[in-house]
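> Here you go, one structure.
In the UniProt record's numbering, the protein residues as written are 1 to 263.
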């Protein structure tokens, strides 16, 4: 039932298919895949994020290629022009992530299993929300990139609220494109975050860069040394990793905010 040879251009689809027990359908994955670890050993890598090896993908004879985000529009176009079936989802909110999980689960005949996963994830979110409901609401700046400075995507903003924080740029959550979430150094200074969470997709957070921005020298997060780093694989992938690890890592940061320990 459904597609038998699937190429996954991003990690979250690979992880989901493994969780659903449908990994045998996967014939190609992204080079950035780290979840599950065995996927890199078992499946050929055929793409980065923006780009991919169209020839290699075509040689795998997939009956479906699944991607994510408008950022993959050019790659999707090239694959479609080669006559391949391509599905690109563009989820931005937690609810849209659940819909994408449900969609992919349905494609491989795992409606019940994907629904069960979603129910479990909703339960985790609700438990964390309840645990954080009576706590203080520190202002959080989630930084996805350095130059230009890009603030967090919608689902990250939603998670920040669930773990008990207040997104400094929550008003940006309706902006679906990264280029529309660019803020200035002065914008961040004016927001005066209590916490800075750096999650630079594709490279490690440069703590020294953060600490030496002239405009940020009076920002509470710098003065109190509340600068943290998160792995993009668990927070910037719109799939299972968010609910398996990312949510709890963000919750841990909120708890450590109250601690005198520096980072």
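Yeah, the Cβ is synthetic: ideal placement off N, Cα and C, and Gly gets one too.
The structure displayed is predicted, hence computed values, not measured ones.
Are the segment 150–160 and the segment 242–253 in contact at 8 angstroms, needing three or more beta carbon pairs?
yes
> In this structure, what does DSSP give as the bridge partners for residue 200?
Per DSSP, none; premise fails for residue 200.
> Who are the near neighbours of residue 142 in its chain, counting only those whose CB is closer than 6 angstroms to its CB and skipping five residues on each side?
152, 156 and 197
> For residue 131 and residue 189, what's the separation of their Cα atoms in angstroms?
30 angstroms
> In angstroms with no decimal places, state the Cα-to-Cα distance between residue 16 and residue 199.
22 angstroms
> Pick out the complete beta strand (DSSP E) segments inside the segment 121–150, 3 residues or longer, and give them in chain order.
139–145
> By Cβ distance, which residues of its chain are closer than 7 angstroms to residue 93, with the 5 residues on each side in sequence left out?
154, 155 and 158
> How many Å lie between residue 150 and residue 103 at the Cα?
29 angstroms
> Which full runs of the alpha helix (DSSP H) of 4+ residues lie inside the segment 12–49, going along the chain?
38–42
> According to DSSP, is residue 119 helix, strand or coil?
helix
> In chain order, what residues of the same chain lie with their CB nearer than 8 angstroms to the CB of residue 261, ignoring the 5 residues before and after it?
With a pLDDT of 48 at residue 261, under the threshold of 50, the modelled position of that residue is not reliable, and the figure given next carries that caveat. Excluding sequence neighbours, residue 261 sits near nothing in its chain.
> Note down the Cα distance separating residue 137 from residue 181, rounded to an integer number of angstroms.
22 angstroms
> Going by DSSP, name the residue or residues bridged to residue 107.
According to DSSP, residue 107 bridges with nothing at all.
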